[in-house]
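Chemist:
2 protein chains.
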Amino acid sequence: MTDETPDTLLPVTERTRHRRLREQGSRSRADLDAILSDGFVCHLGVVVDSAPMVVPTVYGTDGNTVYFHGSVAGRSLLAAPQTTVCLTVTHVDGLVLARSVFEHGLNYRSAMIYGVPRAVTDHEEKLYGLRCLTEHIAAGQWGYARLPSRKELAATALLALPLDEASVKVRTGPPDDGDGPDAGLGLWAGVLPLHTGWGKPEPDPALDEPVPVPPHIARLARRRPHPGQQL
Amino acid sequence: MTDETPDTLLPVTERTRHRRLREQGSRSRADLDAILSDGFVCHLGVVVDSAPMVVPTVYGTDGNTVYFHGSVAGRSLLAAPQTTVCLTVTHVDGLVLARSVFEHGLNYRSAMIYGVPRAVTDHEEKLYGLRCLTEHIAAGQWGYARLPSRKELAATALLALPLDEASVKVRTGPPDDGDGPDAGLGLWAGVLPLHTGWGKPEPDPALDEPVPVPPHIARLARRRPHPGQQL
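This is the structure we're talking about:
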């Protein structure tokens, strides 16, 4: 929570109650929003023939609903859209290197969103959802690239999942064995941070003549670039 | 495939047959090995009360078996270890920014491994599996940190999943609409690469006196550091 707006609490359900590592559980809606805002790839879990299937895919959100492509798990979701899914977004922030192997772990932020996705069929809502998805990933791109034709829109299966039921977990900080008996071992302990950053935009070799990188893409690349990198 | 060793083909099953975006499907065992080698966090899918549950967790592998903690999805896996799981590892390499919204996508490498995990109960095998897990994440740490006590080992639920059934997908390169009618729009198109790198090791503030960062951690941090970063 870095925001000035008052936070709200996520509801607790049988699925989202934190059973394990409760100290890492968060009920903060602001934490959920921040995790979704910081990412654009989720792992979507569906049940196919009684077995789980976990597919990486992009998502976007308007703060109330998560939009994602239904075709990624086509066999299941399109055949039976009234199926519960689990959509998980994870950010790995670092390795927690403790004095004992047992206390090793990760610094991370993750959100698991449960629900029954709804197939978006209305033309206007589909455009709205695809716009959310596109702008969430690369703000400005919806106004720059060619928008979907009616035929492309019809070929796009878009699903909408409400942000009603979510389980959030966050771990930050140093290892937990700094005040235990292992502290006397004299071993180094700490965190090895992991960072993700955009590289320099790579123009399509098929561009016949040089086209400048549009300002919104240059801005996006600058937002979280590698340290020391020049755009 | 960057290796000199001959590649083998992954078997095709009902679950791993590529139905969608077949050009992104790979049957290369070397691709699978490289994806597993490049990562240490997976998204584990299990079925709980007929609904999917997708949990991020760390993994390690010795090339034949993937080891991971059984406690992460405790409710399901420990109660019924004879349950099929889907363990997915994904690397996101960049945004594919096409001329049309419809052609947008990701450059990525992902592996979905299916199977029924086996609970590791034998003392020696549990040590072996935990060593694989630890060394996969931070090579050298098993020989540096305090090893698990009998009590800690008993409290650790370790699962083993064979690398027998896997579906691999890889996308690389520029957008696909460089030779279509949209190429004439004169828009910029290309890839915005995404990189992941280690930051500078952060010592635990609880360290009473300065302890040097052990060489294997300094080496790990140097292996994929942010450009321009000094260790």
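Here the protein sequences line up with chains A and B, keeping their order.
Going left to right, the first sequence walks through residues 1 to 231 as full-length UniProt numbering numbers them.
Going left to right, the second sequence walks through residues 1 to 231 as full-length UniProt numbering numbers them.
From the three backbone atoms N, C-alpha and C, an ideal C-beta is built for every residue, glycine too.
#1: Among A:L95, A:D179, A:E209, which has the Cα closest to the Cα of V191 of chain A?
#2: Specify whether the segment 119 to 127 of chain B and the segment 90 to 106 of chain B touch according to this definition: at least 3 beta carbon pairs, one from each stretch, less than 8 Å apart.
#3: May I ask you to report which of helix, strand or coil DSSP gives R27 of chain A?
#4: Rounded C-beta distance between A138 of chain B and I217 of chain B? I'm assuming under 8 Å.
#5: Determine the chain B residues that contact T196 of chain A at a beta-carbon separation under 9 Å, and present them in chain order.
#6: Shorter than 8 Å from the beta carbon of F102 of chain A to some beta carbon of chain B?
#7: At the level of alpha carbons, what is the spacing between L231 of chain B and T84 of chain A?
#8: Name the DSSP beta bridge partners of N107 of chain B, please?
#9: Determine which residues of the segment 110 to 121 of chain A have a Cβ less than 8 Å from any Cβ of chain B, and write them out in chain order.
#10: Determine, using beta carbons only, whether L159 of chain B comes closer than 8 Å to chain A.
#11: Would K151 of chain A be called buried (16 or more neighbouring beta carbons within 10 Å of its own) or exposed?
#12: Decide if the segment 122 to 137 of chain B is in contact with the segment 170 to 189 of chain B; the criterion is three or more beta carbon pairs, one per stretch, under 8 Å apart.
#13: For a cutoff of 8 Å on Cβ pairs, would you count G190 of chain B as touching chain A?
#14: Could you check the C-alpha separation between P203 of chain A and G70 of chain B for me, to the nearest Å?
#15: When DSSP builds the beta bridges, which residues end up paired with C42 of chain B?
#16: Roughly how many angstroms separate the alpha carbons of L32 of chain B and P11 of chain B, rounded to a whole number?
#17: Could you tell me which chain A residues have their CB closer than 9 Å to the CB of T134 of chain B, listed as they occur along the chain?
#18: Run down chain B in chain order and give the residues with a C-beta less than 8 Å from the C-beta of T88 of chain A.
#19: Alpha carbons only, please: which of A:P210, A:L158, A:A221 is nearest the one belonging to C132 of chain A?
#20: How is P227 of chain B classed by DSSP in three states: helix, strand or coil?
#21: For chain A, check one thing: does any of its Cβ atoms lie closer than 8 Å to the Cβ of S50 of chain B?
#22: Check whether the Cβ of T84 of chain A lies closer than 8 Å to any Cβ atom in chain B.
#23: From which residue to which residue does the beta strand (DSSP E) around T65 of chain B run?
#24: List, in chain order, every chain A residue whose beta-carbon is nearer than 8 Å to that of R22 of chain B.
#25: Skipping 5 residues on each side, what residues in its chain have a beta carbon closer than 6 Å to that of P193 of chain A?
#26: Would you grab the beta carbon distance between L163 of chain B and I113 of chain B for me? Rounded to a whole angstrom, and I think it's under 8 Å.
#27: Which residue spans inside the segment 123 to 177 of chain A form an unbroken beta strand (DSSP E) run of at least 3?
#28: Expressed to the nearest angstrom, what Euclidean distance is found between the alpha-carbon atoms of P227 of chain A and A154 of chain B?
#29: Just to confirm my understanding: we take Q24 of chain A, look at its own chain, exclude 5 residues before and 5 after, and list those with CB closer than 7 Å. What are they?
#30: Residues of chain A with CB under 7 Å from E152 of chain B, in chain order?
Modeler: Looking at the coordinates:
#1: Looking up residue 191 of chain A in the first sequence gives position 191. Comparing Cα-Cα distances from V191 of chain A to each of A:L95, A:D179, A:E209, the minimum goes to A:L95.
#2: As far as the Cβ criterion goes, the segment 119 to 127 of chain B does not touch the segment 90 to 106 of chain B, which means the pair count is below three.
#3: The residue you call residue 27 of chain A lines up with position 27 of the first sequence. If DSSP states are grouped into helix, strand and coil, R27 of chain A belongs with coil.
#4: To locate residue 138 of chain B, count along the second sequence from 1; it is residue 138. To locate residue 217 of chain B, count along the second sequence from 1; it is residue 217. With 8 Å as the limit, A138 of chain B and I217 of chain B qualify as a contact, their Cβ atoms being about 7 Å apart.
#5: For this step, residue 196 of chain A is matched to residue 196 along the first sequence. Chain-order list of chain B residues neighbouring T196 of chain A: V92, L194, H195, T196, G197, by C-beta distance under 9 Å.
#6: Walking along the first sequence from the start, residue 102 of chain A turns up at place 102. Yes, its Cβ sits closer than 8 Å to a Cβ of chain B.
#7: Locating residue 231 of chain B in the second sequence gives position 231, where the first residue counts as 1. Locating residue 84 of chain A in the first sequence gives position 84, where the first residue counts as 1. Because the pLDDT at L231 of chain B is just 38, under 50, the model does not fix this residue reliably, and the value given afterwards should be weighed accordingly. About 46 Å.
#8: Working through the second sequence from its first residue, we reach residue 107 of chain B at position 107. B:G94.
#9: So the list reads S110, M112, Y114, given in the order they occur along the chain.
#10: Numbered from its first residue, the second sequence carries residue 159 of chain B at position 159. Using a CB distance cut-off of 8 Å, L159 of chain B does not count as an interface residue toward chain A.
#11: By one-based count along the first sequence, residue 151 of chain A stands at place 151. So K151 of chain A ends up on the exposed side.
#12: Judged by Cβ distances under 8 Å, the segment 122 to 137 of chain B makes no contact with the segment 170 to 189 of chain B, as fewer than three pairs qualify.
#13: Residue mapping note: residue 190 of chain B aligns to position 190 of the second sequence, counting from 1. So yes, G190 of chain B belongs to the interface.
#14: The residue you call residue 203 of chain A lines up with position 203 of the first sequence. The residue you call residue 70 of chain B lines up with position 70 of the second sequence. Computed Cα separation, rounded: 44 Å.
#15: As a working note, residue 42 of chain B is residue 42 in the second sequence. Looking at the DSSP output, C42 of chain B shares a beta bridge with B:T57.
#16: Locating residue 32 of chain B in the second sequence gives position 32, counting from the first residue. Locating residue 11 of chain B in the second sequence gives position 11, counting from the first residue. In this structure, the alpha-carbon of L32 of chain B lies about 12 Å from that of P11 of chain B.
#17: Position 134 of the second sequence, counting from 1, holds the residue named residue 134 of chain B. In chain order: V101, H104.
#18: On the first sequence, position 88 is the one that residue 88 of chain A refers to. Chain-ordered, the chain B residues with CB closer than 8 Å to the CB of T88 of chain A read H43, V54, V55, P56.
#19: Here the question's residue 132 of chain A lines up with position 132 in the first sequence. It is A:L158 whose Cα lies nearest to the Cα of C132 of chain A.
#20: Counted from its first residue, the second sequence places residue 227 of chain B at position 227. Its pLDDT being 46, under 50, P227 of chain B is placed unreliably in this model, and the value from its coordinates should be taken loosely. Residue state, collapsed to three classes: coil.
#21: For this step, residue 50 of chain B is matched to residue 50 along the second sequence. Judged by the 8 Å Cβ criterion, S50 of chain B is in contact with chain A.
#22: Residue mapping note: residue 84 of chain A aligns to position 84 of the first sequence, counting from 1. Yes, contact with chain B.
#23: By one-based count along the second sequence, residue 65 of chain B stands at place 65. From DSSP, the beta strand (DSSP E) with T65 of chain B extends over 65 to 69.
#24: What you label residue 22 of chain B is simply residue 22 of the second sequence in a count that begins at 1. What R22 of chain B touches in chain A: nothing, since even the nearest Cβ is about 13 Å away.
#25: For this step, residue 193 of chain A is matched to residue 193 along the first sequence. Here the set comprises G94.
#26: Here residue 163 of chain B refers to the residue found at position 163 of the second sequence. Here residue 113 of chain B refers to the residue found at position 113 of the second sequence. Confirmed, about 6 Å.
#27: Runs of the beta strand (DSSP E) lying entirely within the segment 123 to 177 of chain A, each at least 3 residues long, are 158 to 162, 165 to 171 in chain order.
#28: Position 227 of the first sequence, counted from the start, is the residue given in the question as residue 227 of chain A. Position 154 of the second sequence, counted from the start, is the residue given in the question as residue 154 of chain B. In this prediction, P227 of chain A scores a pLDDT of 46, lower than 50, which makes its location untrustworthy; the coordinate-derived value is nonetheless stated afterwards. P227 of chain A and A154 of chain B: Cα-Cα distance of roughly 43 Å.
#29: The residue you call residue 24 of chain A lines up with position 24 of the first sequence. Same-chain partners within the cutoff: K169, V170, R171.
#30: Here residue 152 of chain B is taken as the residue at index 152 of the second sequence, counted from 1. Within chain A, the residues near E152 of chain B are F102.
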